[in-house]
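Asker: Note that numbering that gives the first Met the number 0 gives residue 538 to position 539 of the sequence shown, counting from 1, and the numbers run on in steps of one.
Where is the CB? At the ideal position from N, CA and C, for every residue including glycine.
Note that the coordinates shown come from a computational prediction; the quantities given were computed from them, not determined experimentally.
Can you read through this structure? Questions will come right after.
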Amino acid sequence: MRQRGKGLDTMDEGLSELGRELLGDVTDKAVAEAMGYREDAALDGGPAEEGAAPPPDWYDVISQTAYDFIVRWETGGRSYYEKVIRNRPVWPGYSSGVTIGCGYDLGYHEASAVRSDWEGRIGRAALERLEPTIGFRTVEPDRPAKVERAKALVASLSDVTVPWDVAIAQFDAGKLPKLVADLYRGLENLDRLHPHSRGALLSLVFNRGRSFAAQGPRYAEMRAIAEAMREGTPAAFGRIPRLLLDMRRIWGPTSSISERREGEAKLFEAGLSEMRLFGGLVAGATPEAAGGPLAEDHSDAGEPQSDVAEDEGTEEAAGLEPAGPAARAAWNPVDDEQPDYRHLDTRLAGGTAEITPEDIEALVAANSFAPKEGRIVFALRGARLAGGDAREDVPSFTITDQRPDHRDFRCVIGVYDPASRRLHAYQASTVPEAMYVEKCRRDFAAGVPVGSLTGNVLPTGCYTVTVGTHKAGQPGEIPAVLRLSDTPTGASRVVVLRSLDDATYDRRDRFVEAVPADNVHPGQRRSGFSSAGCLTLPGQFRHGQHSGSWAAFRKAAGFDESMLGKQFSLVLLTGLDAVMAAELRRTGGDRSALRRLRHGSRGEAVSRLQEALGLAPDASRLMGPVTRAALARAQSARLGWADAIHSPEMDGLLGFAVFNGTPEAAQPEAAQPALAAAAAADLRGDVPLAPFLDHPAGEPSGILPLRLVANFDGERPADADITALAEARIGRKVTVGPLFEADPDLDRFRKIEVPGVMRPSRADLFDLAAALKEAIGAAVVEPDVGSDYYAEEIPEDAIGQESADLAFWCWASDTKNRPRNPDWALVDTGVREAWSMQPQPGGAAQGKGVVIFQPDTGVVSAHVELPPGLVDDARALNLVESTARPEDPRSGGSNPGHGTATASIIVSPPDGQMSGAAPGATLVPVRCIETVAVFDQSPVAQAIDHARRNGAHVITMSLGGVPSMALHAALKRAVDENVIVLAAAGNCVGEVVWPARYDAAIAVAGFNEAGQPWRGSSRGPDVDISGPAEYVLRAYGGDTAVPPSAVSGGQGTSFATALNAAIAALWLAHHGRDRLIGMLPPGRVLQDVFRDLIRAAAVPMPGLNPGEFGPGLLRADRLLSWDLQGVIGARQEAPPGADDPVDSLVSLLSRTGGEAVLEAAETALRPDRQHVVEMACIALDRARKGTTRRAYLEAQPPPDMSVALLRRIGAAAAAFS
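Put into C-alpha cells, the structure is as follows:
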C-alpha cells in the first residue's frame, strides 16, 4: 500500500526489494546534483482550468516503490532533508528557483498558488519572507547575476524552516496531485500500465514537465513516449524503457539526471515484468522487444479465443491483493445460462441468415419498441458479418450467429434508414473489455459496494442516444459520440448486468440500476477495444480525426460535431434474435414467437405487465428501469434466476396473462420523452418485495433477526395489531415490542424483528421498510442497516500492505509515523497538569465520582490495563447477546477488542504501562455492537437511553454510521437531562458520521503529534473539537496472552473521542457536577456549557483548519482553569427548527453533492422522512468515494436505490450519478 505522508526516513528503511535495487546505489551527492532539475514550464497559477475533470488520485496511480523512488530523488529522504538540507530553503542549481519542502520550487509558482499550498502549513510571517522568491528562476538572460541573487536569497532565509512532516504532507496533498494531472493531460492509456510503470513516467514529469509534444531534437524521446502511449499496445509499451535510457544523450552518461533516467527505465521494466497485457488485463510477462503479438494482437480466425490464462496468479503478478479465486473474463458457453439468450430458440444457434429491413422492422414491432423517426441505430450482440468487416449502403447483409468476446469484435453495429430501406453494418462490440469485467469481480470481492462498481453489460432493449462528448474534460475525451442519454452531457438511468462472482455473465448475476454512461464510441486501439460497458466500433479518434469503421458509422448515421443534441433510437438485440426473425420470414412462420418485453418496450402489454407485478401502470406505458427491476425480482422469487426479459414462455412460468390478445402496433415518436422522465411515471403502486422473504422454512438457527424500528405519530396501534398487519404484508412471522424501556416520550418507537431472514441488499431492505410503513400506518419505518461508514483500525501488521481496500490509505505507517514521545497524547492535552490542580469546593481530581457510559463492543475485563470488575457493574449491559455480561468475545472484525482500547484511554490506572486520562472516574461498558465496522442504529439508541436511565454523567461513543429517528431521540433526551455526550467524527469516510453529526452531540475529529490532521479523520463544519488520534497509547484488546497486557499506539477518532470524554469527566469532577447544574440558568444544559467552553478554551493549532477540525486542541489544565462566568450565561434562543435532525443530512448532501442533489433530497426528505436513512447511505457513499479515486474508468455508477425512493424522487435520481 502507498504510504501517504512520510516518505523515506532513511535511505532504505521500509524499502521493497525492488526499491533497494533502484535506490541502493544512489548517493547523497547524486541526489544533491539532480535535485531541483526542471525544464522550463509555465508558472503554476494554482487551480486547474475550469471544467477540467479531476485526475485520478496519485495514491491510485503509482506504487509504493515508485513513490519512494520519487521522494528519494526529490528530497533525499527524511534523513537527508533534516541533516543536510536542515529543513531550510535551498537553491538546487540548474534553472530552478529557491526551493522549500519536498522539491517545491517557488520559481515555478505564482503567489496565489504558493498561498494556497502553504497557508496553514507555515506561519504567515514565513510566507511573507518568501515572497521575493516567488516566480524567480535562474534562467537566461543574465543567469550569472540571477545565480548570485538566488544564493543571497537562500542565505537571508536561513531561519525559515519547514519541518519534514509539513513538507511531506504538502508534497502528498499539493505537489503530487498537480504532477499527476500533468501526466494524465500529457499521455493516453495510462490505465493500461502497472503502477510501477506509471510511477516511472510521473518521475519523468517531475523533471521534464509534460513536454511530450514539444518540438526539436531535445524532445525526440518525449514525443516517442507519447506516441507509444497512444498506441497502447504491449509492444509499444516495451519501447519506453529504451527511450528513457536514450535521453542520457542530453546530460551525458555520468550525470545524476541520467542516473535518474536509468532508475526510471528499470522501474518501468519492473512494471512490465509484473504484468502481461492480455486483452487489457494485467496477466504476465514483458512484451518482447521485437513486438511479438500477445493474445490482444491475434486476429480473429473465426473461432472463439481461449479464455484460459496462460499462467496462474495474474492478480498476484500485478501487485494486487488477491480478492477471491482467480477468474478470467469469458462469455458463458451455455446459452441457457446467459440472460440475453435464455429466452431465445437456441436450436438456431450458429446459424447464418440474410438480414433485411423487413427483419429489423419485425423485431422492432415484436418487442413493442417505438423508435424515433429517422435513421435507427441497431446493434446485434454476438454476430459475424459475412463478406468483410463492413457492409455499407446495402439492401441486406448476412450474419452468422456467434457469441460475443471480451477481447475482440464479435458483434455488429449498424444503421437502418427506413426512408430508403438501406442498411449499413460494421463488425463491432457491445460488451465490456475483459479488464473491466475482471476488475468488477475483484472489486466486489474486496468489499466495494455493488453501486460503486464499474464494468457491466447493457441489456438488450431500445434506448435513446444523443450526440455528445465521451469522457468530457477527462483523459481520452472523444467529441461527437452517441451518449446513452437524453442530452449531450447527461447519462440515462438504466438497468445493467454485473458479474460479481466469476467474471462470466449468467442469469444468476446481479441486475443493478445505474447511470453507466454506456456510450457508442470508437474502440481507440489498433486492435481490440477499450470499454467498461460501452458499445464500440473499430477505429480511433486521434489528432482531431475520426478513423476506421467508426468514421464510416458516423457518416452513415448522419452526425458530426456540429450536431450536438441530435437524438437516435438504439435498438440493441442479439444476432440470434435477428437469425430467428430471418428464419421466420423465410419459412413464413408465426412471428408472435418473437414477442418480448424488455427495456424500452411500450404499449398495452407493458401496462398489463406492470399490473401483474403490482405496479400501477403509468401513462407512458414504458418498460423502464423500475419495471425491469420488479420483473427481475419476480423472476428470482419464482425461478431462482432472472433475465428481466418477458417472453410468452416467461408469461406462463410466472402465471401472468400479459401476452393475451393481439399485439398492438408501437407508433414511432418524433420526440420521445426523456427516459428518466418517463421512468418517473413508472414509480407508482405497491413496492414489490424482494425474494429474500421467500426463503423456505427451517432457516439456519444462527441468523440474527432482521430488525427495523417503526416510529408512530399520534396514537400508536397495539403491538398485536402491528404484528398482524406486518405479517399480512410480508408473509413472514414477525415480533413487535418496545425499543426503549417504558417512557411516554419514547413509547412511539416499536422494534420489529423478522426472525430467520438474513439482511438483504440495501435497496431491498429499504423497500421492505417502505412497505411496512404503509402496511402498519407508521410515520417512518427505519431498518438497522449494518452500515460500514466507520472503518475499524487495521491490524498493525497490515499497515503498509498493498490492498484493494479503500480504507487502507487512511492509516499512518507504523515505521514512519511513530511519535517521538509515545505518551504524547496525555502530554499535549495537559492531563497530568490537570490532575495536580486544586479542585473547586465539592470537587475532586482525576475524574473521581463521574460516571462514564461507553456504548461499544464491550471490554476484555481481564486486560491488566483496565480496572477490575468493569463487566460486573450492575449498570453494565450486553445488548448483543442479551443476557451475558458486556464481555467482548473478540469475535467481530479484523482487529477485535475496540471497546477495551477506548476504555483504557479513559480509566486505565496510572501505575501501569500507560494511564487513562480520568483514572478516578467510573466507566460502565455497554456492549451494543460486535465491531465498529458494522453499525446498527437501534441497539446504539438503546445503549444511550440505558445510560441516561442509569445515571450517566458522560457518554462516549467511539462509533458511528447512519442516522435514525430513535437514535436522535435517545441522544436528545440524554442531553436534555444534563448528560455530556461525545461521539467520534468518523474514520476513512471523509465526512462526519452519525450520531456525531447531530447538533446535540459533540463531534470529535483527530490530529497527530505534529499538529496535522490525522489522515483518516472525518472533518467538516460539524466538528466541535479535535483530539489525539494517531499512535495514542491504549490497551491492545486483541492480545491473546493470559492475562492480556499488551499496550501499543492506536489510530482513529475513537481515541480522540475517548480522551476528550475523559477530559470532560475531569472538568465535571473538578467543579462538581451538582454545582455546575445548580449554576445553569433555565433552558441551559451542561452539554451547551461544555461545548461553548471548549470553543473558548481550545488552543488554536496552525496545522488544523478550524472550519474543518474545530477550534484546536483541548488542554485539560486550561479547561479546568477557565472562568465559567463567560460561558455559563443565559441560553440564546435557537431559531425555529434548529434541532431538526434532517438538517444534519442536508448539510452532508450539500458537501457531497450539488444543487441538483439537494433539490432531489428536499423532494425525498420533506415532509415525508421515510427516506432519510437511505439518503444518508447514498451521501456517505459519495463522501467515501471522494476520499480516494479508484481506477479512472468511464463512469462512476450511481447508488442502487430502492423502488420506493425512486418513486419519491422520480427523474431527479439522475442527480446522484
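1. Is it buried or exposed for residue 438, if we count other Cβ within 10 angstroms and need 16 for buried?
2. Let me check you understand the geometry: is the CB of residue 1062 closer than 7 Å to at least one non-hydrogen atom of the ligand NAD?
3. Which whole-angstrom value describes the C-beta separation of residue 170 and residue 100, a residue pair presumed to lie in contact below a C-beta threshold of 8 Å?
4. For the alpha helix (DSSP H) that residue 936 lies in, which residues bound it at each end?
5. By the three-class DSSP mapping on this structure, what secondary structure does residue 709 have?
6. Could you check which residue in 952, 865, 996, 118 has the C-alpha nearest to that of residue 1084?
7. With DSSP run on the structure shown, which of helix, strand or coil describes residue 976?
8. Thinking C-alpha only, which one of 631, 1007, 608 is nearest residue 826?
9. For residue 1217 and residue 427, which I take to be in contact (beta-carbon distance under 8 Å), what is that distance rounded to the nearest angstrom?
10. Would you check if the region 595-615 and the region 627-634 touch, i.e. whether three or more CB-CB distances between them fall below 8 Å?
11. Go to residue 568, then tell me how far its alpha helix (DSSP H) extends in each direction, as first and last residue.
12. Looking at residue 119: is its Cβ nearer than 8 Å to the Cβ of residue 1102?
13. Pull up the DSSP beta-bridge partners for residue 539, would you.
14. Which runs of the alpha helix (DSSP H) spanning at least 4 residues fall entirely within the region 945-1022, listed in chain order?
15. Answer yes or no: do residue 728 and residue 738 have a C-beta to C-beta separation smaller than 8 Å?
16. Is it the case that the region 173-189 contacts the region 129-148, given that we only count it when at least three CB pairs across the two stretches are under 8 Å?
17. I need the boundaries of the beta strand (DSSP E) containing residue 439, first residue and last residue.
18. In terms of DSSP beta bridges, what is residue 751 paired with?
19. Helix, strand or coil for residue 482 per DSSP?
20. CB-CB under 6 Å to residue 194, same chain, minus the five flanking residues each way: which ones, in chain order?
21. Quick one: Cα of residue 20 to Cα of residue 70, how far?
22. Between the Cα of residue 819 and those of 391, 1031, 981, spot the shortest distance and give me the residue it belongs to.
23. Give the single residue among 530, 1001, 622 whose Cα lies nearest to the Cα of residue 978.
24. Can you look up residue 782 in the DSSP assignment and give me helix, strand or coil?
25. Does the Cβ of residue 212 have 16 or more other Cβ atoms within 10 Å, making it buried, or fewer, making it exposed?
26. What does the alpha-carbon distance come out to for the pair residue 1180 and residue 1036?
27. Pull up the distance between the alpha-carbon of residue 131 and that of residue 91, whole angstroms please.
28. Is the region 777-789 close to the region 707-723, with three or more CB pairs under 8 Å?
29. Would you give the residue range spanned by the alpha helix (DSSP H) that residue 546 belongs to?
30. Helix, strand or coil: how does DSSP classify residue 721 here?
31. Quick check: what's the CA-CA separation for residue 734 versus residue 723?
32. Alpha carbon to alpha carbon, how far is residue 763 from residue 886? Give it in angstroms, no decimals.
33. Out of 378, 1094, 1104, point me to the one whose CA is closest to residue 1117's CA.
34. Just the C-alpha distance for residue 250 and residue 256, rounded to the nearest angstrom, thanks.
35. Between residue 259 and residue 160, how many whole angstroms is the CB-CB distance? I'm expecting something under 8 Å.
36. Counting only runs that start and end within the region 1021-1085, where is the alpha helix (DSSP H) found for 4 or more residues in a row?
Answerer: Well, looking at it:
1. Here residue 438 refers to the residue found at position 439 when the sequence shown is read from its first residue. Per the 10 Å Cβ criterion, buried.
2. Looking for the ligand NAD in the displayed structure turns up nothing, as the structure carries no ligands at all.
3. Counting from one through the sequence shown, the residue named residue 170 turns up at place 171. Counting from one through the sequence shown, the residue named residue 100 turns up at place 101. Sure, about 6 Å apart at Cβ, within 8 Å.
4. Taking the first residue of the sequence shown as 1, we reach residue 936 at position 937. If you look at residue 936, you'll find it in the alpha helix (DSSP H) that goes 936-948.
5. Numbered from its first residue, the sequence shown carries residue 709 at position 710. In the structure shown, residue 709 sits in a strand (DSSP, three-state: E or B).
6. Within the sequence shown, residue 1084 is the residue found at index 1085, counting from 1. Taking each of 952, 865, 996, 118 in turn and checking the Cα distance to residue 1084, the smallest one comes out for 952.
7. As a working mapping, residue 976 is identified with position 977 in the sequence shown. Residue 976 falls in the coil class under three-state DSSP.
8. Locating residue 826 in the sequence shown gives position 827, counting from the first residue. When only C-alpha atoms are compared, the closest one is 1007.
9. Past the edges of the chain, shown from 0 to 1216, lies residue 1217, and the structure says nothing about it.
10. Three or more Cβ pairs drawn from the region 627-634 and the region 595-615 lie within less than 8 Å of each other, which places the two stretches in contact.
11. Here residue 568 corresponds to residue number 569 of the sequence shown, with the count starting at 1. Note, residue 568: premise wrong, no alpha helix (DSSP H); beta strand (DSSP E) at 566-573.
12. On the sequence shown, position 120 is the one that residue 119 refers to. On the sequence shown, position 1103 is the one that residue 1102 refers to. Their beta carbons are under 8 Å apart, which means residue 119 touches residue 1102 by this criterion.
13. Stepping through the sequence shown from its first residue, residue 539 is reached at position 540. DSSP, once it has assigned bridges, lists no residue as partnering residue 539.
14. Secondary structure within the region 945-1022: the alpha helix (DSSP H) runs of 4 or more consecutive residues, fully enclosed, are 964-975 (chain order).
15. Residue 728 sits at position 729 when you count from the first residue of the sequence shown. Residue 738 sits at position 739 when you count from the first residue of the sequence shown. No, the Cβ-Cβ distance between residue 728 and residue 738 is not below 8 Å.
16. No: the two stretches stay apart, fewer than three of their Cβ pairs being nearer than 8 Å.
17. Residue 439 sits at position 440 when you count from the first residue of the sequence shown. Premise fails: residue 439 lies in the alpha helix (DSSP H), 433-444, not in any beta strand (DSSP E).
18. Counting from one through the sequence shown, the residue named residue 751 turns up at place 752. Paired residue(s): 707, 735.
19. By one-based count along the sequence shown, residue 482 stands at place 483. Reduced to three states, the DSSP call for residue 482 is strand.
20. Indexing the sequence shown from 1 puts residue 194 at position 195. Excluding sequence positions up to five before and after residue 194, its CB lies within less than 6 Å of the CB of 61, 62, all in the same chain and listed in chain order.
21. On the sequence shown, position 21 is the one that residue 20 refers to. On the sequence shown, position 71 is the one that residue 70 refers to. Between residue 20 and residue 70, the C-alpha separation is close to 15 Å.
22. Position 820 of the sequence shown holds residue 819. In terms of CA proximity to residue 819, 1031 leads the group 391, 1031, 981.
23. Counted from its first residue, the sequence shown places residue 978 at position 979. Ranking 530, 1001, 622 by Cα distance to residue 978 puts 1001 first.
24. In the sequence shown, counting from the first residue as 1, residue 782 sits at position 783. In this structure, DSSP gives residue 782 an extended state, which the three-state scheme calls strand.
25. Along the sequence shown, one-based indexing puts residue 212 at 213. Counting every other CB atom within 10 Å of its CB across the protein chains shown gives residue 212 a total below 16, marking it as exposed.
26. Translated into the one-based positions of the sequence shown, residue 1180 becomes position 1181. Translated into the one-based positions of the sequence shown, residue 1036 becomes position 1037. Computed Cα separation, rounded: 30 Å.
27. Position 132 of the sequence shown, counting from 1, holds the residue named residue 131. Position 92 of the sequence shown, counting from 1, holds the residue named residue 91. When only Cα atoms are considered, residue 131 and residue 91 end up about 17 Å apart.
28. Flag = yes, the region 777-789 and the region 707-723 touch.
29. In the sequence shown, residue 546 corresponds to position 547, counting from 1. Here residue 546 belongs to no alpha helix (DSSP H), and DSSP marks it neither H nor E.
30. In the sequence shown, the residue the question calls residue 721 occupies position 722. Reduced to three states, the DSSP call for residue 721 is helix.
31. By one-based count along the sequence shown, residue 734 stands at place 735. By one-based count along the sequence shown, residue 723 stands at place 724. Rounded to whole angstroms, the gap between the alpha carbons of residue 734 and residue 723 is 10 Å.
32. The residue labelled residue 886 in the question sits at position 887 within the sequence shown. The residue labelled residue 763 in the question sits at position 764 within the sequence shown. Within the model, the alpha-carbon separation for residue 886 versus residue 763 is close to 34 Å.
33. To locate residue 1117, count along the sequence shown from 1; it is residue 1118. Ranking 378, 1094, 1104 by Cα distance to residue 1117 puts 1094 first.
34. Taking the first residue of the sequence shown as 1, we reach residue 250 at position 251. Taking the first residue of the sequence shown as 1, we reach residue 256 at position 257. Take the alpha-carbon of residue 250 and the one of residue 256: they are about 7 Å apart.
35. Here residue 259 is taken as the residue at index 260 of the sequence shown, counted from 1. Here residue 160 is taken as the residue at index 161 of the sequence shown, counted from 1. The beta-carbon separation of residue 259 and residue 160, rounded to 27 Å, does not stay under the 8 Å limit for a contact.
36. 1052-1070, 1072-1078, all fully within the region 1021-1085.
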